[in-house]
Structure formats: structure tokens, C-alpha cells
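> For the protein sequence lines, the chains are A and B, in the order given.
Just so we're aligned: 2 in our numbering is position 2 of the first sequence, and the numbers increase by one with no gaps anywhere.
Just so we're aligned: 1402 in our numbering is position 402 of the second sequence, and the numbers increase by one with no gaps anywhere.
For each residue, glycine too, the CB sits at the ideal point set by N, CA and C.
Can you read through this structure? Questions will come right after.
There are 2 protein chains.
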Amino acid sequence: MAKREQKTCSIRFEPSGLKVKVPQGTVLLEAARKVGVYLTSICGGDGYCGKCKVVVNEGQFRSNPTTLLTGEESRENVVLACQTKVLSDMIVTIPKSHALTTDQILISDDASRFSVLAGEASEKAFCFKPLVQKTYIQLSPPTVQDHTADHERLNVAIRNSIDISIPVLQMGFRVLQELPRLLSESDYKVTATVGFRGGAMEIVQIEPGDRSGVNYAVAADLGTTTIVAQLLDLTNGTTVDTEATYNSQINFGEDYIRRIIYAEQNNAFGQMQTSIVNDVNGLIVTLAERNQVSLGDITAVVCAGNTAMIHFLLNLDTTRIRREPYVASASFIPPIRAAEAGIQINKRGLLYCIPSVAAYVGGDIVGGVLATGLNALSEVALFVDIGTNGEVVLGNKDWMMCASSSAGPAFEGSGVKHGMRASRGAIEKLRIGPNGSINYKTVGDTRPAGICGSGLLDTISELFVNGIIDRTGRFGQKADERLSEGDEGRQFTLVETDCEDKGIVITQADISNLIRSKAGVFAAIKVLMDTTQTKREELGAIYLAGGFGNYLNVRRAVAIGLLPDIDLEKIHFVGNTSIAGAKMVLLSQQAQKEAERIAGAMTYTDLMTHPDYMDEFIKANFLPHTDLSLFPSQRLYLKAHDDVY
Amino acid sequence: MAKREQKTCSIRFEPSGLKVKVPQGTVLLEAARKVGVYLTSICGGDGYCGKCKVVVNEGQFRSNPTTLLTGEESRENVVLACQTKVLSDMIVTIPKSHALTTDQILISDDASRFSVLAGEASEKAFCFKPLVQKTYIQLSPPTVQDHTADHERLNVAIRNSIDISIPVLQMGFRVLQELPRLLSESDYKVTATVGFRGGAMEIVQIEPGDRSGVNYAVAADLGTTTIVAQLLDLTNGTTVDTEATYNSQINFGEDYIRRIIYAEQNNAFGQMQTSIVNDVNGLIVTLAERNQVSLGDITAVVCAGNTAMIHFLLNLDTTRIRREPYVASASFIPPIRAAEAGIQINKRGLLYCIPSVAAYVGGDIVGGVLATGLNALSEVALFVDIGTNGEVVLGNKDWMMCASSSAGPAFEGSGVKHGMRASRGAIEKLRIGPNGSINYKTVGDTRPAGICGSGLLDTISELFVNGIIDRTGRFGQKADERLSEGDEGRQFTLVETDCEDKGIVITQADISNLIRSKAGVFAAIKVLMDTTQTKREELGAIYLAGGFGNYLNVRRAVAIGLLPDIDLEKIHFVGNTSIAGAKMVLLSQQAQKEAERIAGAMTYTDLMTHPDYMDEFIKANFLPHTDLSLFPSQRLYLKAHDDVY
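Spelled out as C-alpha cells, the structure:
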């Protein structure tokens, strides 16, 4: 009676062994998504990026025709998961390139980085006054002479204990209902958890006895690709632990514009929210369990993220972010109860989001400015955050301009054949020796799996200085045995394929992508500097943020024309400043106010409609630039050998 | 197969015809309560007040033995509902005395009363600025040049429209989520509903288009006995309609201390809340339907009530209100969403409660002070509210003292054999003519059903001036054919029983109750005046509030020693000042702030522990007082004939 065709199909994914049951006809990418199997997909399932390749080991399927698979791949049952329907039970292998596990995500130690920042403003400049505080209150029980009601008795004591000048805005209705019982059961000795919002206090919870020593919070950076969370001890401001995960929304598209389109086309806004909220909850649970902290003792979360991520998190309308005139639903989001967004901390704990500036300049950038202290400098400085987009901020304590270039995620490894994030196995440094030999270093010193941002930066500059590519980035006429013709045109072999190492190449298309990406960023910098008549020599500092790798060589960033040519001492690679900003806000009400000031003070320039941007972009599509007078040190930098490995 | 004993019994109550099915063994009072049949019960079902008499017409029951029924009553199947268990299907008649329907509740026309108040402060002294306002906003849609996010775009416009100096505290998370859709669907023309709390604004809702002309609110007086609600048009401050109902909690005890005991003994706090919330909701629905107002267009409710009623409404802990040191859970209750308390208006509409002073001086008194304007007077004035308790406030714009005497509800008709509330059929005026004839006037000019407060006040003074009772309130030796010996001792017949009229008497016990009640109030006044060294001549005004009846004769209130003997022109009967205060608060943020100031400024004196109170109480247990020098005008008043009917 058994038929080969059945209604429900069971799929096992290797090497994880994860299983899922789906209706016959389900698209394989969707099935993988359902069980949480990570598959790279840039196009969001439209079948044209060719990234979601998997191998079908067993089972029947039907694939749409595609030109993105070679004949050999087809023979080996490689399919595009987004173009393949499940027809029977299957066993599917996810290639190693997809198999990025959480422990491979690089978490920069922002604390140590901050010591290198120019000292005018630093984390320590803000006084320690967390957004949520606990205070132990020993009330005098009421007497015939003093019959003040519980609510007012407690409010007065809290204000006396914390800050008499701040009014108590509200006590949650359920807290108020529980209050008399709590007070009498605890002999009028209780711990109040107080949250701050808009210059007033809110009583978040009342606990019996002295619980003032137990108060935690989470700072989170909601990146398009990676989500990082830190567990903080609010009683002393220390960072207890850090955890990171890939943003599961990657299954719906690598950049957030694709995800918005996916959500619109599939009415999947709720799904997008669930996806990112689950990621955040997962991190919180991991951090809590590993450190034996009860979720109920986590009383606040501060999120920094680009505008789209924050909108997804809160299920705010994202559709107009991608349509002219590019409007966000909210830039300054009032604190809400974390539970309202589905975030599982204390059921009355608060969720704060760092305010954004515009649809394309989010709270991650505001947090970055805060963390670098650019907002407090007398000199003019530049903040550059390179991720999927490249955001640029120019200014000082008196004024700030910002812009976002659609740089593309090349320096995050996307759109590059063997590009990858700065995780284990990524080539993060690369040099071509005098004899043409290639030396490299990988994250974790393991076998190379691909190249991350800092490695790509090195690669471009090394190819250029060795004359393998010309100023336009094209492979020149110089004969080199490493140059060959690949599937995607000419390519340069960085790592030979052998029994142990996967072959790693960089293609002409990769190089063009990277140069376009750096050109987009530099053009943005140039437009802001020209608009404000800021001269190169006037820049007091450049802060470069992003997930490049551990050892970004700022000299080479200048050499290829990514950053303006200023004294190298003034250029600082600052890593993940988004989470550093979130942490500062969490630990200091003063920092929160300053973040609001920054977001309000920053002037956004829309590059898409700027008359000079396209010109500058075209001019920057050279190594380092068409105008060499902008890069006087360039030759020097390229010739200098870095002896770092 | 049919047995006489069955599990479920069906009961029909006459004359209403209401039916209910209850398990065999259910107490009859509970069965009545279940179907909403009103039965007077002072003791809350303990079987000692004897008020819940009903007649069993058919069916079987088992009653506990009681001394509160005469032999005749027992023969006629009169039972105490609280002491009777249902054994079979029954038909039960509720005697007329219980049958108080809503339309009989007197609603004083506070608007007209206010014209008589001393003019230093009046309703008009506060500017019209309701606690919840609607404003129509026509936003410029975003452009490339102006890409401000929706949330901030709207907030700025609202502040410009309402008051730029007031910060927008928060927009509900759900409102924020809906905002972009609403704005684009309405072409950026929306109506914002804004609530005020603690010096900040909250966006309550956003509606598409211009809805600024439709905004209603409800002011409610939560009395122990009666609940009155007014529907107000917030666009112009007019009172649209008024409705009242009996407080259904009466079924659990006539005074709130009994109700607290009932709730404690039966763990019925939730039931108490449901009871009063249902009453309020019933009034709101009636008002809304009668005036074709949608519940969604009612955006706020302001409640004034004694501390216990507000606690019941919000299900706050009431148990300590009745125990030393008599503490409330909260005096100043932050505005909450009405829905949180179960009140069915706009789902995000706000509920404000007028703050209370202490466990025994509630928001009704604060509202009363506000409504009379005592708080703004230069001269010292007295505010007296006589209900179940008698609350007294003495003071002026600079200081205020208050106290609550456990006067007992005699002037509300409880504890008096033929006492009743000031509703249809109540004798509200009474005179004994020179020939001994008795003339009276009833509310609604119908056949007499009982005597209400003003009638009782008349009765006492008339019996005294005619020498029928002496200064101690005892029936003297003077022969009078109307004096007789009743079940409860000596009694005086006010209305003869005949074929048309129910016989109405006043008993020795009634008179003692009333004198105790007035003595309690006067002793409270005396203590406050002595404490503050306020002389009788210094009183600029006396405001007497309460549900006495329409035509309270203030001269007689002085004559029997209820109020201090001052110039009659300065004594004002002001009716229901609790709802008048609630209305003022609703219509004026300034009035709300003033109510908070009043509640905070008033000094509460606990009479129970005051060394002089008992002395003063004993001295006041005479007509008018032991110390006649306090009442120089008394004889004059008693002799004077009022020709008012």
C-alpha cells in the first residue's frame, strides 16, 4: 500500500543531523530555515545569487533550471536549495562553506580597544548610573501617627534613595496590586527595581528583602549578519560574558533591503520579527544559563542596530525604508516593556533602543559615535563603519554630518567568490613575497576556508603593488602562473587546491566589487568633507569600525584609497563600536542622553540625490583614486613591508 | 422517579419575575445576588441586622432560628434571606422596601447648586483643558528633503498643536506599530488623542482623518451606596447626560467595613471588584447607548470615591483599611489604562482616580473640597459630607485639616426602621402643625415609602420643639396619641397605616441613632475647630454635602446641633460634590493638579485616638448640645415656622 509519493517528507540535514518534516513540494531552502539550518542566500531565494548550493545525497526532488550550476555540480546532485522542491524523504548535505557555527564569530574585545581611543571622551567620561537600578529600601512600617499609604511611603523612600529630584512617573498596576502583600510579608524591607525614562522613574518591580546585589542587563548589537550580546552586571558595570550568533534572517536575504522585499512579498513581517527575537532570546538564554543568572534578574536590554533591524525587532513598518523618500517609522523609540517585543527577560523589564538618525543611519552608528567619543572632540574627526553598507560620520562636539553609501557587503565577504566573515579559517592577512610566494594568516590559525575583510584589503593592495592588477583593478598583461581563466572569468589563485587545502582564488569580479565598495565609502567621505570644507590635514582622527578581522592594517586601508591619507597614528581600527555604544548607554543615563543628543544633532546627507556623489564615486573607482594628490603617502605605504607574521 | 429533593432549584423572584437556577442548599440571599435582585443587608449576611426579609410564596426551605422575626411574620413565611437555604424550586417575593430601582436615585443638579457657592473659587476658576484631548493634525508627508520618521514627525506636530512645553512621554507600542499604515492611508491627516499625566503627554490613540469633534469622558462618583456617572463632551465641557445605580456591593454589606470583612472571609476581593466594575460599566453603556456615543469614543474616566471604593475598583488590598494603623495601599494612584481595571471604554483610554488623604478620607472628600472651592478661600470654612461616615474638612487656601467620624449611616436611612435613601417616596420634609397634625412632602410627591435624611432631620427637630422628645432624645411624659409601644420599644407614628399608606413610625432606637450620628459629626467639627483654635464666628462658610434630599433645611441642621451655629446665609447645602469634583478634574488639568495639592496638603486627624473626641461626642449627644452657649440661635430656629409647603 505504500506509495513513493507521500504527503509529508522527512529531511535530514548533514553534517548536523537535524531533521524536519515538511509537506511534499516544500522548497528546500524553506525546509532548512524551518529547522534552523544556516544556508547562505544573498538574493533571498530568488535563484540568482547561486549561494545556497547543497548536495542531495538521497531522495527525490525537482529543481528549476539554472545557469548557476556547472555540469559537474549537477552530476554530483548539487542543487540550489531555493530552486528545489522536496518530493520524497531526503538526506541533504550542507557544504562546509555554509556551516558557520556560532563559536566562529569573532567578538572583538572592545574594552581593550577603547584604551587606544583618543582620550577626550571615553567610556569613563560618563558617570556610572545604569538605566535600570535596584535599591534596597527599609521602610518604617505605618503607625497611627504615620499612616501614609504604601504606594506613597515607598515612592518617597525610593526618591530619597535614588534621586529626590526625579519624579516617580508610574508604578505598574500589577506591581501596585501586589505591593501591600509584599510589604507586609517582607516586614517593609524590599528591593525596588527602578527604570529611567524621559527624566522620570518607573517602578519596574518590587522584591522582598535585599536583592540589590542581583541586577543584570543585556547590551545587544543587532547586525544584519551577526548579533552580539553581552551580559552586564548592573551593580558594578562589569561585562560578565559575551555571546554571538548569526542573524537567522540571513535565510531571507543577506542584506536588509532583500529581507524587506521578502517580507513584503510573503507577508512575512511577523516571521522576520520572530526570527530576530528568537536569536536575541537564544543569546540571552545562553548567557544566563552559562552564568547561572535567572532571566527574571535581567531587568533591561539595550539594542543598537541599523534602522531596519530595530524595525524588524519591533515589527514596525519597514516597507518605506526601501522606497523614496526612505522614511523610518520611528527614530527615537520610547522604552517599552521587553516582553511587548517578545524578549524574554524579567516580565516587566525594559527594552531601550539607541535612537537612529535616518532610515540608513541607525542606532549602531549613533552608538559608534558615542563609543569613539567623536561627539566630544574639539577637532574634526571621521567615523567609518563598514558592513553591508558603509556609514560615514564627520564632525566634532559642535556639529556632525552623516551619510550612508550603498557600499555593498564585499568587505564582509559577500559578493566575493571565496569571501567569508571574519570567522575561523578566514584569511585575515596576506602578503605576496618578493619571489611571488603567498603568505597568509587565518583566524584561529587553521586551514584557510576563505578570505575576510582585512585579508581582502591586503589582497587588493598586494596585487596592486606587485603589478598584478592595474590602477583600474584589472588583471594586467604581466604573466603570472597564478593567473588563470575560471568559471567567472580571470582569477588569481591565492591558495592552491590540494588534498588538504581548499583552493582559494580572487576573481576579476571580486576585485571590481571590492573597489566599488571602497569607492562608495571614500566618495561618501569626500562628499561630507567637501560639503563642510574640511581639509584632510584638519582631521584629528579616523575611527574605522566593522567586522574586518583582528588585525586590520590601516596603512593598507589608506593605500587602496578606502580612507583619507592622514597621519597613520591618527587612524584607529575600533572593531564593533555598536555594542560598545549599547553598553555605555546601558551603564550611564548620561550616555543615553548623549546618544539622543547625537541622533538629534547629526545631519543626514542623502547621497543618492547628492549632485557630486556619483562623480566622486567614479573618481574613486581607481587605486587609490584618479586624483593622486589626495594620497601623497600611497607609494610609500605600498612599498613598505609589514613584518607582522 | 421524580424526587422532592433535587440538585438544582429554580427560583423566581417577584415582583420582578427574575429567575435563577442554583444548587440545592444555596443561601437565598446569595441566589438573589446572583440574579441581581437587590436586597437590603447591613450585616453582610451574618443574620443580625434583620433587613433582608423576604416572603416565600412557594417552595421548601430551611431557615436558621432567629429572634428578628415576629411570630406573625413567621406564620406568613417571612424569612431572613441570609439565614435561609433553598431546598426546592421556589417563588419568593421581595417586599417593596427593598425594591429600589435605579430611576429612583436622586441625582442632584450640581451645576445649579454651584451658582450658590461663595465666589472666591468656582468651577470657572479653572481653565478648560481636559485630561484627554483630541487634536487634528495635518502633517506634511515626508520628502527626500524631509525624511523625519513618522513617530517624531507626529510628536513634533502634536506638541506644536497642544503645548510645545510639554514633552511627549510615550506612544503605546501598538499605536506606534500601526502608525505608518494609518499615516499613509489617511494621507498624513490624523487625529491624535493625547492624555496628560505627570507633566507629560501620552499618545493614547491615532485615528485617520478629523475626529477631533468626537471625544467623550465619564466622571463617576463611587459611593458606598450609590454610583453616579456623568457623560461629558470633552470638546466643549458640557454634561451630556447623567445616570446612577445602586452599588451592587450592598449585597455584601451596607458599609464598606462589612464588605471588607465579607471579602476577607470569603476570599471575594475579585468578586468585589467585578461587582463595582460591572456597575460602572453598566452606567457607561447606558449613557453611551442613550446618547448614541460609541464606547471607543470615550477616552477617559475620572473616579471620585472613598478610599475603600477606589481600592475595590482596582482590587488593591483593602484589608488594612479596617485594621490599626489603618493604611491604604495607595492614596495617589497613577493614571492607568481603564481596561486594566476592566472598565470598558476606548481600549487604550485612561482611568484617573482623585487622590485620597487617608484610609478614611477619600477622593470624594478631596473632590468635594475642590468643588466647593474651600481650598481657595481666604476665610476659614467647613466642609461636611454626611454619608455612611461623616467626613469633615476645616481650613482655607493655606491649611486644611480633616477627620472622619464613624457617624453611621443613619442620615442615609440605614439603621432607622423606616429610613430610606432620598429616592422616590421618601419623606424629605416634615412639620408638626400647631394642632398636632403632621404634614410632609415626599420625593416625587408620591405616597410615602419611608423617610430620608432631610426628613429625619426635620422629624428630630419637630419632635424636640414640640416637646415630644427631651434634650436627650427620649420620648417624654407628655401624652400624645401618636406615641405607642412597638416591637422595638416606644415609637411615634408619622403616617398612619391605612388602605393606601404604609404606616411610618420613628422609634426610640431610631432617634438615638440619629442623635449619635449628628453627635459624631459635630464632635469631629468641634475637635478640628478646637485644635486649630478656630472660633465659630470666624467661619466664613459651611458646605454641607450628602444625599439628604432635595430641600435640606440648614436652619434645622443647626437647630439639632449637627452644624455650628453661624449666620444661615453662610451655610450651603451643596449636594453631591464628589461627582462635581470628578467632573472638574476631568475638564481641567489645573483642577487635577489642585486636587493633588489638596490631598497632599490636608492633615488627617485620627479621631479614634484623639484624647478629646469621646468627650466631645458625649457632650454632643444632646439636642442641640450640653453647652447651649454654642447654639445661641437654636430656640429662635426651633420656634420659627418654615412655610415651604
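1) Using three-state DSSP, classify A/K429 as helix, strand or coil.
2) Between A/Y352 and chain B, is there a C-beta pair that is closer than 8 Å?
3) So, is the C-beta of B/T1143 closer than 8 Å to a C-beta in chain A?
4) Any idea if B/A1381 is buried or exposed, counting beta-carbon neighbours within 10 angstroms, 16 or more meaning buried?
5) In the DSSP assignment, find the unbroken alpha helix (DSSP H) run with B/E1485 in it and report its ends.
6) Consult DSSP for A/F548 and reduce its assignment to one of helix, strand or coil.
7) With which residues is B/Q1230 paired in a DSSP beta bridge?
8) Within 10 angstroms of its Cβ, does A/V277 collect 16 or more other Cβ (buried), or is it exposed?
9) Buried or exposed, going by whether 16 or more other CB atoms sit within 10 Å of the CB of B/F1252?
10) State the DSSP-derived secondary structure class of B/F1617, mapped to helix, strand or coil.
11) Beta-carbon within less than 6 Å of A/A118's beta-carbon, same chain only, minus the 5 sequence neighbours each way: which residues are those?
12) Does B/T1101 have its Cβ less than 8 Å from a Cβ in chain A?
13) For A/E14, collect the residues of the same chain with a Cβ closer than 6 Å to its Cβ; drop the 5 residues on either side in sequence, then sort them by chain order.
14) Rounded C-beta distance between B/L1370 and B/G1581? I'm assuming under 8 Å.
15) So, helix, strand or coil for B/Y1188, using DSSP?
16) Report yes if the CB atom of A/P142 is closer than 8 Å to the CB atom of B/V1327, and no otherwise.
17) Residue range of the alpha helix (DSSP H) that A/A523 falls in?
18) Determine the chain A residues that contact B/N1435 at a beta-carbon separation under 8 Å, and present them in chain order.
19) Please confirm if the stretch 1205-1219 of chain B is in contact with the stretch 346-362 of chain A, defined as three or more CB-CB distances below 8 Å between the two stretches.
20) Can you pull the DSSP bridge partners for A/F573?
21) Report the three-state DSSP secondary structure of B/L1351 (helix, strand or coil).
22) Near B/T1307, which residues of its chain fall below 8 Å by C-beta distance, leaving aside the five closest residues on each side in sequence?
23) On the three-state DSSP scale, how would you describe A/T442?
24) I need the straight-line Cα distance from B/N1057 to B/G1047, nearest angstrom please.
25) Give the DSSP-derived three-state secondary structure of B/D1297 in the structure shown.
26) Taking all protein chains shown into account, do 16 or more other C-beta atoms lie within 10 angstroms of the C-beta of A/D683, making it buried, or fewer, making it exposed?
27) Chain A partners of B/P1167, CB-CB under 7 Å?
28) For A/M309, count neighbouring Cβ atoms within 10 angstroms of its own Cβ and tell me buried if that reaches 16, exposed if not.
29) With DSSP run on the structure shown, which of helix, strand or coil describes B/K1397?
30) Locate the beta strand (DSSP E) running through A/K7, then write down its first and last residues.
31) Which residues in the same chain as B/E1243 place their Cβ atom closer than 7 Å to its Cβ, once the five residues preceding and following it in sequence are excluded?
32) Any Cβ of chain A within less than 8 Å of the Cβ of B/M1171?
33) For B/D1612, which residues from the same chain have a beta carbon less than 6 Å from its beta carbon, with the 5 sequence-adjacent residues on both sides left out?
34) Taking contact to mean 3 or more Cβ pairs, one atom from each stretch, closer than 8 Å, check whether the stretch 74-92 of chain A and the stretch 57-66 of chain A are in contact.
35) Express the C-alpha separation of A/N513 and A/G473 in angstroms, rounding to a whole number.
36) Enumerate in chain order the residues of its own chain whose CB-to-CB distance from B/V1116 is below 7 Å, with the five nearest sequence positions on each side excluded.
Working from what's here:
1) As a first step, residue 429 of chain A must be located in the first sequence, where it is residue number 429. Under the three-state reduction of DSSP, A/K429 is assigned to strand.
2) Here residue 352 of chain A corresponds to residue number 352 of the first sequence, with the count starting at 1. No, no contact with chain B.
3) By one-based count along the second sequence, residue 1143 of chain B stands at place 143. Taking a beta-carbon distance threshold of 8 Å, B/T1143 counts as an interface residue toward chain A.
4) Position 381 of the second sequence holds residue 1381 of chain B. Taking all protein chains in view, the Cβ of B/A1381 is crowded by 16 or more other Cβ atoms within 10 Å, so the residue is classified as buried.
5) Your numbering for residue 1485 of chain B matches position 485 in the second sequence. From DSSP, B/E1485 is part of no alpha helix (DSSP H) but of the beta strand (DSSP E) over L1483 to G1486.
6) Position 548 of the first sequence holds residue 548 of chain A. For A/F548, the three-state secondary structure derived from DSSP is coil.
7) Here the question's residue 1230 of chain B lines up with position 230 in the second sequence. The secondary-structure analysis by DSSP pairs B/Q1230 across a beta bridge with B/A1219 and B/T1242.
8) Here residue 277 of chain A refers to the residue found at position 277 when the first sequence is read from its first residue. By the neighbour-count rule (16 or more Cβ atoms within 10 Å), A/V277 is buried.
9) Translated into the one-based positions of the second sequence, residue 1252 of chain B becomes position 252. Buried is the label assigned to B/F1252, since at least 16 other Cβ atoms lie within 10 Å of its Cβ.
10) Within the second sequence, residue 1617 of chain B is the residue found at index 617, counting from 1. Three-state result, B/F1617: helix.
11) Residue 118 of chain A sits at position 118 when you count from the first residue of the first sequence. The pLDDT assigned to A/A118 is 34, lower than 50, so where the model puts this residue is not dependable; a value taken from the coordinates is nonetheless given after this. If we look at A/A118 and ignore the five residues flanking it on each side, its Cβ neighbours are A541.
12) Numbered from 1 along the second sequence, position 101 holds the residue referred to as residue 1101 of chain B. In this predicted model, B/T1101 has a pLDDT of only 37, less than 50, meaning its place in the structure is not dependable; the value taken from the coordinates is given anyway. No, B/T1101 lies away from the interface with chain A (no Cβ there is under 8 Å from its Cβ).
13) As a first step, residue 14 of chain A must be located in the first sequence, where it is residue number 14. T93, listed in sequence order.
14) Numbered from its first residue, the second sequence carries residue 1370 of chain B at position 370. Numbered from its first residue, the second sequence carries residue 1581 of chain B at position 581. That pair is a contact at about 5 Å.
15) Taking the first residue of the second sequence as 1, we reach residue 1188 of chain B at position 188. Looking at B/Y1188 - three-state DSSP - the assignment turns out to be coil, as it is neither helix nor strand.
16) What you label residue 142 of chain A is simply residue 142 of the first sequence in a count that begins at 1. What you label residue 1327 of chain B is simply residue 327 of the second sequence in a count that begins at 1. Going by C-beta atoms, A/P142 is nearer than 8 Å to B/V1327.
17) One-based indexing of the first sequence puts residue 523 of chain A at position 523. Run containing A/A523: Q508 to T531, per the alpha helix (DSSP H) assignment.
18) Counting from 1 along the second sequence, the entry for residue 1435 of chain B is found at position 435. Per Cβ cutoff of 8 Å: no residues; B/N1435 is ~55 Å from chain A at best.
19) Fewer than three Cβ pairs drawn from the stretch 1205-1219 of chain B and the stretch 346-362 of chain A lie within less than 8 Å of each other, which leaves the two stretches out of contact.
20) Looking up residue 573 of chain A in the first sequence gives position 573. Bridge partners of A/F573: A/L544.
21) Residue 1351 of chain B sits at position 351 when you count from the first residue of the second sequence. Assignment of B/L1351 by DSSP, reduced to helix, strand and coil, places it in the strand class.
22) Your numbering for residue 1307 of chain B matches position 307 in the second sequence. These residues qualify, in order along the chain: I1321, A1328, S1331, S1356, A1358, A1359, Y1360, V1361, G1362 and G1363.
23) Numbered from its first residue, the first sequence carries residue 442 of chain A at position 442. Residue state, collapsed to three classes: strand.
24) Indexing the second sequence from 1 puts residue 1057 of chain B at position 57. Indexing the second sequence from 1 puts residue 1047 of chain B at position 47. Straight-line Cα distance between these residues: approximately 21 Å.
25) For the purposes of this step, residue 1297 of chain B is taken as the residue at position 297 of the second sequence. Three-state result, B/D1297: helix.
26) The displayed coordinates of chain A run from 1 to 645. Any statement about residue 683 of chain A would go beyond what the structure contains.
27) Your numbering for residue 1167 of chain B matches position 167 in the second sequence. The contacting residues are G198.
28) Here the question's residue 309 of chain A lines up with position 309 in the first sequence. Around the Cβ of A/M309, a 10 Å sphere holds 16 or more other Cβ atoms; the residue is buried.
29) Along the second sequence, read from residue 1 onward, the residue named residue 1397 of chain B stands at position 397. DSSP places B/K1397 in coil when its eight states are reduced to three.
30) One-based indexing of the first sequence puts residue 7 of chain A at position 7. Following the DSSP letters along the chain, one finds A/K7 in no beta strand (DSSP E), marked with neither H nor E.
31) The count along the second sequence starts at 1 and reaches residue 1243 of chain B at position 243. Cβ within range, chain order: A1229, L1283, T1286 and L1287.
32) Mapped onto the second sequence, residue 1171 of chain B falls at position 171. For B/M1171, at least one C-beta of chain A is nearer than 8 Å to its own C-beta.
33) Translated into the one-based positions of the second sequence, residue 1612 of chain B becomes position 612. V1527.
34) Flag = yes, the stretch 74-92 of chain A and the stretch 57-66 of chain A touch.
35) Numbered from 1 along the first sequence, position 473 holds the residue referred to as residue 473 of chain A. Numbered from 1 along the first sequence, position 513 holds the residue referred to as residue 513 of chain A. Taken atom to atom, the span from the alpha-carbon of A/G473 to that of A/N513 is near 10 Å.
36) If you number the second sequence from 1, residue 1116 of chain B lands on position 116. At B/V1116, the pLDDT of 31 sits below 50, so the modelled position is not reliable; the number obtained from the coordinates is stated separately. Hits under 7 Å: H1572.
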